[in-house]
Structures are given as C-alpha cells and as structure tokens.
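This report concerns only the one structure given below.
Number of protein chains: 4
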Amino acid sequence: MKKSQSFFTQDKPASFRYYKPDRKVLGKKMADHLRFAVCYWHSFVWPGLDPFGGDTFQRPWHAAGGDGMKQAEHKADIAFELFRLTQAPYFTFHDRDIAPEGATLRESNRNVRKIGEVFEKKMRKSGMKLLWGTANLFSHRRYMSGAATNPDPEVFAYAAAQVKNVLEMTHELKGENYVLWGGREGYETLLNTDVGRELDQLGKFLNLVVEHKHKIGFKGLILIEPKPAEPTKHQYDYDVATVYGFLRRYGLEKEVKVNIEQNHALLAGHTFEHEIALAYALGIFGSIDMNRGDEQSGWDTDQFPNNLPQMALAMYHIIKGGGFTSGGLNFDAKVRRQSIDPDDLVIAHAEAMDLCARALLIAEKMIDDGKLGQAVDARYAGWKGKMGRDILAGKMSLAKLAAHVEKTDLEPQPRSGGQERLEGLVNRYI
Amino acid sequence: MKKSQSFFTQDKPASFRYYKPDRKVLGKKMADHLRFAVCYWHSFVWPGLDPFGGDTFQRPWHAAGGDGMKQAEHKADIAFELFRLTQAPYFTFHDRDIAPEGATLRESNRNVRKIGEVFEKKMRKSGMKLLWGTANLFSHRRYMSGAATNPDPEVFAYAAAQVKNVLEMTHELKGENYVLWGGREGYETLLNTDVGRELDQLGKFLNLVVEHKHKIGFKGLILIEPKPAEPTKHQYDYDVATVYGFLRRYGLEKEVKVNIEQNHALLAGHTFEHEIALAYALGIFGSIDMNRGDEQSGWDTDQFPNNLPQMALAMYHIIKGGGFTSGGLNFDAKVRRQSIDPDDLVIAHAEAMDLCARALLIAEKMIDDGKLGQAVDARYAGWKGKMGRDILAGKMSLAKLAAHVEKTDLEPQPRSGGQERLEGLVNRYI
Amino acid sequence: MKKSQSFFTQDKPASFRYYKPDRKVLGKKMADHLRFAVCYWHSFVWPGLDPFGGDTFQRPWHAAGGDGMKQAEHKADIAFELFRLTQAPYFTFHDRDIAPEGATLRESNRNVRKIGEVFEKKMRKSGMKLLWGTANLFSHRRYMSGAATNPDPEVFAYAAAQVKNVLEMTHELKGENYVLWGGREGYETLLNTDVGRELDQLGKFLNLVVEHKHKIGFKGLILIEPKPAEPTKHQYDYDVATVYGFLRRYGLEKEVKVNIEQNHALLAGHTFEHEIALAYALGIFGSIDMNRGDEQSGWDTDQFPNNLPQMALAMYHIIKGGGFTSGGLNFDAKVRRQSIDPDDLVIAHAEAMDLCARALLIAEKMIDDGKLGQAVDARYAGWKGKMGRDILAGKMSLAKLAAHVEKTDLEPQPRSGGQERLEGLVNRYI
Amino acid sequence: MKKSQSFFTQDKPASFRYYKPDRKVLGKKMADHLRFAVCYWHSFVWPGLDPFGGDTFQRPWHAAGGDGMKQAEHKADIAFELFRLTQAPYFTFHDRDIAPEGATLRESNRNVRKIGEVFEKKMRKSGMKLLWGTANLFSHRRYMSGAATNPDPEVFAYAAAQVKNVLEMTHELKGENYVLWGGREGYETLLNTDVGRELDQLGKFLNLVVEHKHKIGFKGLILIEPKPAEPTKHQYDYDVATVYGFLRRYGLEKEVKVNIEQNHALLAGHTFEHEIALAYALGIFGSIDMNRGDEQSGWDTDQFPNNLPQMALAMYHIIKGGGFTSGGLNFDAKVRRQSIDPDDLVIAHAEAMDLCARALLIAEKMIDDGKLGQAVDARYAGWKGKMGRDILAGKMSLAKLAAHVEKTDLEPQPRSGGQERLEGLVNRYI
C-alpha cells in the first residue's frame, strides 16, 4: 500500500458538507438513494490525451515498456485507494481497463480474470461493490467497423466471447448490473452501410446476452447506454426513445433497460431530466452516468457534474420515478487534461458526491413540499372528468367527439402554463 | 382568372431542363417517381413575417378588413394558377390554410368544406390532385398547450372533430394520404408536464384517427411527420426512430408511416438520407417533405432544396427502398421573406422541380451502374457464410460463439471501409 | 388607473427574499449594482405569437380596429403599473413599441413624441428612469434587407431619420444610454450580398450616430448589441470579438461599447461570462440584457433567467470588471407563450429580480473571500518574474528567447489547472 | 525506394478527369490557381486513433520500439512517394510531424533539421515545394495550458525557440508561407484564466514572429488559422472576424493574414465562403485548408472535401477576391479511421484534387458568365446615385438625412432579393 500512500497526498477519506451516507432522506439512507460508483476508465486508464495532444498525467502504471500485469495490479492498488478516499461504495469497469490485452482472446480473458481475483480480495476486505461491468468492444482496431454490427461475422463472434467473459465475471463479483455501450455500433457513412441488416445483427446480439444472463442466473439488469454519435457519425442507440423502439423491435423491452448519461443526453439534443422522465414513462429506466457535457462543445467532455439546479431536477425525476433498484449513480467523468495532480482525482469525486447529495436534499424538499407535483396534477385535472375518462377508456370515437363538439359549440379556454411561477418555485428549493 | 393573370408576370407554364414528366426512368415515368406537390401554407398563407418583422408579401387576399371567404376564393384562384404554371400534379393543405376560422367549429368546418367544393371543381378542370390533407392543430391559442396532448380533454375533443372533418374531406377529394404533424404535441417545460400521460393521449388520438380512416374506407396512408422541436422545446415525434417506438407502443406500426422532411431531419441531428434509409429499414417509409434547412441556423428555415449531391443521395435511397407508393414529394418550402415578387414563387418551384429531376437522373445512374450497391453487398458478404447464417438463424449462443473463438484463437482482420473511394464514386455520377 | 388595477390581480408591489434595494453590497446599494430595467417590447408589445401560431395573450390594447394612439396610452398605463409592481427602477423601449407607425415618418415620429410626453409625466410622478432607448430598424418591410446595410441608400436615410428622433428623445427623457441592435444588418445569402460594402455602410452609419450624440450633448453610452444571426442568416455584430474588430475598423472603439445578452452569447457559441469578461478585457463593456436561452433550442427564446450558478458567475465578472457605469441589467425576456395571465408578467420579473439579487450576493462572497481571484493570480505569478516582465516589455526577441532555452536546456514543467477544485470552490459560495 | 513501392499498390501517378495542371482557366494555369498541398500530419503521422480507440493504420514507421530517426526517414520516403502519386506540387508540415522529439529542444531541433536536409534533397529531385511550415505548439504536455498564452513564461520562451527554428527552416526550404495555429491558445475554464493577459501575451508573441520574419528576410506570409474551439473550450482565434480584431489590437493587420479551413468555419457557425468573402473584405485573406466537416458532428472531422456546389462557391469567392498570392489549397484532411489501406491515401487525394478542379471550372463559368456578379452590382446600384455617394463621402449628417426624409416624406420601396433565382442560376453552372 506504500505506493498508493505516496500517490495521493491525503490519507484520510474526503470529508463532506452534505453527503452523510446514513442520513435519512425520504425514508431511505442517503447512500441507498445515491449508490455512487467510481469508474475505472476515466480515472485510471485515460492518460490525459486528446485528439490534439498526448499523455499529460504520466501515471506510473502507464510507463512504456512495463510489465502489463504488474502495472494492472499497481493500478488496482491505486484504484482501491481512491475508492477508500472518496468513500464511494461502488465501482465500474470495462475488461480492457483492468488488464492488458493478450495475444489471443483466451490470454486476454485470463488476464482479466486474474485481476478479477485481485478485485475479489480487495472487495471483500474493503466492502467495495461492483455497480456494473462491461466489455470494451470499441477500442481495438478489430472493432473499428462495429462489434455486433460489424460487416464481418467473426467480429460478432469475438465480441460475443468477450461479453460472455465479462458478464460471467460480473456475476461472480456480485455486480449488480451489466452495461452495453455500443460506441461503434453505428456508421461513419451510409455509403457503405446496410442499416436494416446492422440493426438485426444488434438485436440478435442483445438477445444472446439476455439468454446467457438467464442461463447463468445473473439477476442484475442488462443496460444499454444511449448516445447519438461519437466516435461514429451515427450510433444506433441514439437516445432513450430510439432505444425503446429498438427493444420493442427485438422483443427486449421487458429484459433491457437504459443507463442514461447527462452528456449523451445533451449531445442528442435533450436535457438530462428529459431522458430520465421519458425512461420512467416507457418503463425502461435503469441507472445513470452522472457527469456533464460542456454546453459549448460538440463532443463528449465527460466533466464532473457541477450545475446544482440541473442536478436537483435530475434527482427529483429519479426519486419521483421510484429511485434506483439495482442501478446507481456512476461518475462517468474525468478530471480535465490539465488536472494532472493525483489529488485532483480525490477532489473531483468528493466535490461531485457532495453536490449530488446536496441535489438530493433539494429533491427531497421538492417532494416533501409537494407543490411541483400538485401543479402538474392540477393541470391535468380535467382528464379525471367524464369525457377525459371516456376518451382514455376508448369509449369515444372521432365521430362521437365531433358530435359533442358540434352539439355544444365547444370552445375550450386555454389556461396559463405558469412556467415562470414554477421556475421560481424550483429556485426556492435551491 | 383575370386576377391571377395579373398576379404572376408569366402566363406560360415554366420550362425545364431536366424535368420531363413522361421521360422513362428505371421503368417508370419521371412524374410517377417524383409525384411533386405544392403546399398551400408557405406559398399562399404565410405573409412573409418572422419573429422580428411583419408582412413583406402584401398578397391581395391578406388585406385587412376583407371578406374572409372572398379572400379564400381569390387565394384558391391564385393557387391553382401557380399549380398550372409549375406543372406540379399535386397539392397539399391544412384546413386553416384554405378557409377562415369561424365563430364555432361548425362554421369553420363549413368554410373549409365550401372551399373544398371550389377545389373539387378546379381539380376536375385542371387534373390537379391532392397528395394529402391535414388539420392545423397548432396555430390557434386553444392549442397552445397541445392538441391531443393538451392538459384539457376538451381540446382533445376539439382536435378530434377538426381531424374528422379534414380526413373526410381529404377522402372525398381523393386525397392519397392524410398527414399529422404534431407541432404542439410536446412540451415547453417538464415542470408542468406529465410525459407518460401525454404519450398515452397521443397514442389514443392516433388510434381514433386510424379507426375512423377504416370506417370511412379511406385507403391512403396515415402519416406522422417527425420533428424534434420548434415551436415546442421538445416534440414527441422527434425523429423516425422515435416515431417507430411510439407506433410500436400503441400498436400502430402497421397502420401509420412517416412523412420525412429534410429540415426536420437536420434539426434532429440526422442527414435526410439517414431518416429515409431508416424508415425503409423499419418498414414505415411513407412520403417526403422536400426542402432544406440552413446548416448554420437552428430553426426550420424551410428553404427550397438546392444541394444537388445531397438530393441525389436522398433520391437514391428512396428508389432503392422501393420508391413512393401513395406518398410523394411535397415542397414544404417557402420563398425567402425578401423574395416578394409573385414570380419568385414560380421560379422557386420550377428550379426545385428541375433539380429534383436532375437528382433522380443521378440516382438512376447510381442504380443502373450498381457499383454502390455492390460495394455494400461485398462488405457484408461474410454474413452469407455458415457462421453468419447460423448466428442470424439463432443457432449460436454466446457460449457456442465463445467456444469457437477460443478453439480457433480467432483474430478477425479489419478491412478498409473505403469511404473516400465511395465518395469519389458518388461524385462521378453527378 | 382603473384599467391597470383590473389588469393585474395584485395591487401591492412584489415582495422579495433577496432583493433589498438599499442593502449594501461591496460598498454600494444593491439597486446601484443591479440597475434593473423592464423592457417594453416583450411585456407589452409581443402578443404571444410564434412562427407556428398566433396571439395567445389578447391584451386589450392589441384589439383589432382600435384607435392606435388610445391603445398606446392604455399600454403605457399598464406598463407603468407593471414597473410599479415589480419595483424595477428603469425601463427600455423601441420607438415602434410605444406608438403606432403613421403614414409618414413625420407622423410616426410625432406619435412617438406624444407618448414620450406621456412618459415624461409618468416618470416624473413615479421616479421611473429610462435605461436606454432604441429605434426599431427591423420590423417594417422597408428594412427587410437591412437598415444601414440596405442595398438602397434611401433606407439608410430613413433609418438615420428614425434614429435621430429616438436618440434625441432618449436624451430629453434623461435616458442613460442609447442602443443599436442590428437585427437585419446582415444577410440571408451571400449570393446577393457585398459584405465589404455593407460593412462600410454600417461603419458610416454608426459614425453619424456618434457625431450626432456629441452634437446634442448626450452623455450616455452608445451601445451595440451583438447577435450572431436570427432573423438573418448572418449578422455583422456576431459577438463581442467581432464588434470589437468592427469598431477598430471604423475608428469607434473609444466611442461605442456593447450591450451583451445571455441568449445571444449562447447562440454565438459562448457562455455569458465569456462575453462579459472579453468585453472588459477589450475595454468595451457597457450593459447587459439579462435573459436566458434554452440550451436545446437553436433560436432566441429570451426566457427569464433562472440558472443561479451561471448568473452568479456573470455577476462576478461584472463586479470584478468594475460594475456598470451608465449601463444596467435589462430583462430582455418574455413570459412564455402559454403564460397568458397578466400576473405571469409580475411573477416573472419579480422572480428574476430576486434571483439576480441572490446571484449578486453570491458574487459578493466570491469577491470578499478572494480565493477565486487569488487562484488566478497565483497561476500567472511567473509573469511577474524577470523573464515574464522582459517579454511583455519587449526586451526579448525570438532569437534571445531561443538562446535562453538552448543555453539552459529549459524544460518547463506543467502545473495542474485545478479546474475541479475551483468548480467546487464556486459551488461553496452558492 | 523499395519500401514505398511496396507500400502503395500503384506505381503510376493518379489520373484525373478534370485536373489538368496546364489547362488555362481565366488566364492562368489550373495548377497556379489551385496550388495543392498534401499535409504531413494527417497522412503520415496520425495512426488512426480517436478518443475511443487506438491505432488502426499500423504504418511501419509507427512500430513501437523503432529508431525514431530511421522511422522519420522511412516516413519521408513514403510521403514523397505519395506526393509523386498524387501530383500535388506542395506539402506542409509541423516540426513534430517530421522528426522525433529529443531529450532537449536542441536535440529536437537537430532532429527536425536533419529531416529538413532529407527534404531539401528530395525537393530538389522531385520539384516538390513547401507551401508552409509550422511548429507544433499543442501536443506535448508542456503546452497543455497554452504556448504563448501559457501562465508560465518559460513555456512562452520554449514556444518562441521552437517557432524560430521552424520559421528559419521554412525560409531555407523556400517555403512560401508560415502558419500559426493556436490550438491551445484559449482556455478550458474561465475560472482559472485571465483573458486580457493571455491576449496580450499572444499579441506579443505574434509581434516577435513578425519581427523575426523581417530580420531573416522571409518574404512569405505569416498566417493565423482561425478555429473556435477544440481542443480548448474557447480558442482566441475564433474566426476570421475575431482574428481581424486581434490583429488590429496588436498592430498586425498589415503583417498577418488568415489561413481559412472549411471545418473550422463550420464549427464557428459560418459557411466556408463566408469566411473567405469576409477575409477578402477585411484585407486579410491568405490561404485555405480545404477539407470538410461533418455537418452532424460537433468536432473537427477533417474529411476530404466532397460537396461540389459548396466547393464551387468557395472557389468563386477566392477567384473573385483575386485568387491566391503566396497561399494555396492545403488538404488538411485525413482518410477515415476505417480507410486502412495505403491506397486509400492516394484515392482520397486524387478524388479531392479532381473535385477541386471541377469546382474551379464551375467558378470559371460563374465569372465568365458574369450574371452572379451583375446581380449583386444591380442590387446596390442606388449607392452610385447622388445620395448614396454623399453618404459614403461623409457629406450627410443624421440631421441632413432626417431633413431629407421629412421634406420628401420618403418611403423607400423594398425590392425582391431574388434568392431562389440566384440559387437556380448557381445550379445551372454545376
């Protein structure tokens, strides 16, 4: 543990102003509402490069020419040290984040499993839990044209083998969910792409995953993570609504849910709370990747969240929708490329956790006070009347409705939407 | 007809360089491929105002204080004169485009029907056909919070009555389709909105329309026109993929198809050809609104199309998908606010029709030459092999695929996507 | 005053939680920091229409067929009643907002001046002040192709005459600034535009305005309001940096400053605080239009501000830059089209004012605490060393610097930008 | 040369349908109009990675563990082989593209100069010319917070030393221009940034470069390449208008011009032709980076150009503005990450060159026909009348103009902008 002690300056877990894991909020512990997870890739794998520049972080386990497995173990030491310092109870990873790629998939899988054993020990000792695992089906050049949607069925097979390994390992580590992000399941140009065929391939792949999940007895959720584009020009899992249609098309709407990311919502032209509210409405809400996109940048910046009013509304919709079941709040966020001090990792997570807790407390006030919910209910009150009920019950045809309008010379009177009043109300909770 | 003769300078129909209605293209007449329609609203109803300025066109039938029905007839005269000059065989309209709103819906419907009778005569005489009709459920203040998705069921009823009238009139005028554009079926703020409830209302409404269509024996398609936003912050019919999920949710995927607009595709973050190709892949392609959005403006500019390579690719995907059945190519396009000469209307339509014809001839070359299609087929050829067929036939589980990968130490080799070569190929057809 | 009493429900001025006009903040009264203004156009002129729908507000003074001047006086009564209810000390207007257009410019100007006299009395009585006046050079069809940049010099002349009238009236009403927003000073298509010529015309126009300001002894600032587009495809006053270059080109950088709007900043791809900080850095900060754009919509939504953290940063940069001199905080914001109750106007302004006050108090904490400013100073501390000073003093050539690097084998070491730490710090003030 | 022969399949230079270097166009050879350059970085340095995946190209000179200088020479061999195959007469490079970074800047510069000597021989032998050189001041971690705008003056010094070396080498290789792209001259967050100070640093840096240029007798242009963002959140050289203001502020508007890129224009919210036309209007047009951005992606995709109508308009504005002097048309474009065949490099360049030639021939028709230019002239004809001339000559004050308007009761009549007619006209040339 020496290494990690010298890696971060501080040795004592971060302190918080708002986050008290055991504090009761709406009948549950704060920790059970928030279910924070630290992600492996941004904090331990990304070296600080961007499309115009190289490594800025110079983490010791990235040193060129090192022994891959040794470096992987060193990385795991530091990772669990960060988990301890931040006090987040969960973590998440891709297979390629935690162990080096081998000469064959067998070797790669073996590497992954070896680190899985390291994890198992560390988790037992620390109480750390796995929110979800996932397979990296997008970084290696074999996946450059997609994994499940690749024009080459051998790549589909390779991806299947890789998912099988991570799904089983996630199960063994008592992971609570399994995520699929289809980063390359899309296209660069329609000129070389058969969209219908690729959708069918993807539908088939997902069905195989669900089938395997049941076979091994994994009880967690299978989650798809919508994103509209990047790295591809178009990604098939564009947004929550698109994923819903896809799940319906391939008979999966009862089996698969969504992992919603703020930055991805933004790139798809939506607010975060829209995607959350819609997922609840469609019955496919699963988990979230809490981060933030830069509103002036057209790509995935994956910053730590920091806009309190927006976060409070997101938390409000999550709580109102019923909260997480096996899902949680994964920080799919990276410190900026210029934040090269190891301590920046601790600070970033701790500040974000505290702000999420603060957002939760605001959401609690919104729920407790009830005025927001009442305003919505009051607005739709007419639908509880006879005509409203008859319409929704299917008792009114177009002809009957028309007859009613004509007979009564109906002229409905609009009522104020009261947006400014409601926005003011929200600000009172903050 | 005197009025119209003095309205436009020219009396002779526009001449074309590429558009020859009877010219054979891929076994069909050019006119049967293109099925051009002129829309009523942009050319005869919009007075040239925008959010920062008023009327620029000063059409005589917009004069303040005039007799509404007289002005409606004058407008119809000019409209049919434009149809004659452009030689487009179809037109499209909203109920409110063609006749003034009355004191009650009964009176409004009566006004609409009276102009319907005027249309009927003019259509008989001129051979002009109706591509589709639609009801304006968004301009009047009663619809400010939605039509089917209004918090007030009376507005739902009013909208139903209005659609009934236009659907029946469309049927009587032998219209070939009926369109629903849900301009206000969305929200301004989630703070006052129950998304799940509103989706259910919309699903119910659409089911009533379909039911009524069958009841009256209307054989045309019912079409939804996707748009992501504007005037609302969020519109439920966001894009083709979203509409597909919606149709599945409410059991309508066999009954309803989409009318795709270039500008709406652009606003949703897609290319026009993406939306077309996806609609074919999902089996819901219906018709198109051919126009163009300004790529630097964040709103619906509804300009006449003029980017030949993009139009050629759109035509290519339409032809490849099977072409129009009852759908067609509606110019949902308006001359610019500064194009105040009546002749600008003729020029804009004629230039656009000619360019569409040119795009069709390019698509013909692409199809005839076959190289584009062959490149796609060749790219997916592996899926015709045993493993590909077995995967798609459901014979391979995750476990079997993994066993295969491990046994053979499979390492798939990527092949060039050849994008630049294909882009060069496309430019050879232009 | 009867009319206004029945127009708004409440008769008592709005109450506030944070806004106390006389409260001392950083040595000045809160009211002197904020200098709130209510704008005439959004609250009293806009009838609730948008590009897809008509009037929703049905204000009595918009009734068709009314006497224009009577309606203008009624509107003024209600306006001053709103000013009283909100307690904002300033207002702003365009000439066309306050009085009807006449048959000639002389008549229009006369109408404007008559209402000016009404204003004068009301201002004297109420203590209300004019933050700025401006001429509407964009709504009438004569301006459809620009005012100063019109291809027709007669339009330039007409615009000049209109500005002269409003500038003089602003002076007489003791207005503290005069604003020019070049809504149509741009182009729809380069195909019919000579950009260089139009820039020269605009430079000339602005010089005439400055010359006239001095001639009449007006001491207020002349302000340009940057906006990138809308209604035009491209507007010449794109953003603060563009306006700066324009002012330099036409010798006006000492005479003219900018009025910065949040929504316009957003449309130009910037944050509000960027535009503010840049304007201070370039020495051209003047005033602000406080509102907010919808981050998912591509057009000017002009909503009331409500994102507290963003507003606090904007206030911080204003205070840090020195605060307003003759400028102020104009609510260039309109209630939503569905907010049809007159009281929505009061609520919207009061909530916005209170939130601005809260943002100011947060900015006060940032300034008082000093940590944010210290972090920036510390980051650039190296520039206070010898080499830094020599470079900026012009004592180092490329050759000298290169010699130094080579001689010392200099290898500068990067230091963390500490972004997450600073973001966390900001959230502590909120 | 063996290596290169086996690298590309073809040995014979690419053939063209439109590009004939010696063909006369508007009195000049086609080659003298187009001045094509191949860029080193995209074609020989980028390994195919993106933010979500690694190397796809596996070029032999990128092999891990190789001898850096040997690999640099191999790369140079292949580069000149590509130049030969494409027949582009120019190339462009950054210092870090061509030779490996050493342990000190002295060593790095030595490496660069050694490859410079290799270039010199190859250039002499092949007739290949250098369009421009540039220093990479953005990839290494020392530049993570900017080069000239770094908070550390030592980084400023280091950058100065690096530029000095490349500027001198560019001069020695008879390079025709020198470019500065300020990829990191901007900020990630205003929270740690002093914008005014950084602008001053940048102004100083650029002045040193200009001073050194004169000192060594370099006659080429110094060019700034505008880009709004990426990798930074905000880049100081946002667009042409911003750069113009910057040059004025630091007294450089006569010394420095712009290198305009299509993709950067798009990211800044402009069309390519806007930036070109504006640069000519402001007198700072220098050179172009011909590529294309994906209109649905929010980042720099740097694709090869392929939209003929847009390219034709860009060429039209270049020719109309006077054409290139020392500037040229650099393909700042990379083959897609999936285009892994070496031949894709040849195909991409050859197709792009041919399309540029075709665009030039269309521009020639536009110029020869003259109708586009005449339409613009006719639109502004009024400015040649007495009032127009008097206004521009400064003979009319606001007061005089107002007196004229009032005396004549002037009411200017708008004329059609004719946009659709002009768009139709443009399509006739294609």
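Protein chains in written order, with full-length UniProt numbering: chain A, 1 to 430; chain B, 1 to 430; chain C, 1 to 430; chain D, 1 to 430. All C-beta atoms, glycine included, are put in the ideal place defined by N, C-alpha and C. None of these values were measured; they are calculated from a predicted model.
Could you tell me which chain A residues have their CB closer than 8 Å to the CB of residue i, listed as they occur along the chain?
i      : result
C:F304 : E420, E423
Suppose you measure from the CA of residue i to the CA of residue j; what does that come to, to the nearest Å?
i      : j      : result
A:V240 : A:N330 : 18 Å
D:A31  : D:K20  : 8 Å
B:V118 : B:C39  : 17 Å
A:M315 : A:A281 : 16 Å
C:R292 : D:A135 : 41 Å
A:Y429 : A:F91  : 31 Å
B:T56  : C:Y158 : 18 Å
A:K3   : A:Q296 : At A:K3 the pLDDT is 45, less than 50, meaning the model places this residue with poor confidence; the figure from the coordinates comes in the next sentence. Distance between the alpha carbons of A:K3 and A:Q296 is about 39 Å.
A:F324 : A:N306 : 21 Å
D:E406 : C:R113 : 15 Å
B:G116 : B:S43  : 18 Å
A:W61  : A:D77  : 11 Å
D:A14  : A:D332 : 47 Å
Confirm, please, whether the CB-CB distance from residue j to residue i is below 8 Å.
i      : j      : result
D:E188 : C:Q419 : yes
D:L199 : D:S287 : no
C:G321 : C:F272 : no
A:Y18  : A:L361 : yes
D:I276 : D:P226 : no
C:G220 : C:Y178 : yes
A:H94  : A:K164 : no
C:H140 : B:G54  : yes
A:D302 : A:K334 : yes
So residue i contacts chain B; which residues on that side make the cut at Cβ distance below 9 Å?
i      : result
C:M144 : G48, G53, T56, R337, Q338, I340
Closest to residue i by C-alpha separation, out of the options, would be which residue?
i      : options                        : result
A:Y380 : B:K125, B:P153, B:G245         : B:P153
A:Q235 : A:R184, A:K257, A:I367         : A:R184
D:E364 : D:K12, D:R337, D:I319, D:T86   : D:I319
A:R84  : A:M123, A:W132, A:Q162, A:A103 : A:M123
D:G373 : D:L425, D:H274, D:W181         : D:L425
B:W181 : B:P151, B:V155, B:E168, B:V243 : B:V243
For a contact meaning CB atoms closer than 9 Å, what does residue i contact in chain A?
i      : result
C:P414 : T56, Q338, I340
Mind listing the chain C neighbours of residue i? Cutoff is C-beta to C-beta under 7 Å, in chain order.
i      : result
D:R141 : P414
Determine the chain B residues that contact residue i at a beta-carbon separation under 7 Å, and present them in chain order.
i      : result
C:Q262 : Here the premise fails: no neighbours, minimum Cβ distance about 16 Å.
List the residues of chain D that residue i touches, going by C-beta distances under 7 Å, in chain order.
i      : result
A:K215 : Residues of chain D passing the Cβ test: none, with the nearest at roughly 30 Å.
Below 7 Å on C-beta distance, what does residue i contact in chain A?
i      : result
D:G183 : F52
B:M311 : Here the premise fails: no neighbours, minimum Cβ distance about 15 Å.
Hey, residue i and residue j are a contact pair by Cβ (cut 8 Å); roughly how many whole angstroms apart?
i      : j      : result
A:G175 : A:G133 : 5 Å
Which residues in chain C sit within 9 Å of residue i, going by Cβ to Cβ distance?
i      : result
B:K227 : Those do not exist, as B:K227 stays about 10 Å from chain C at its closest Cβ, beyond 9 Å.
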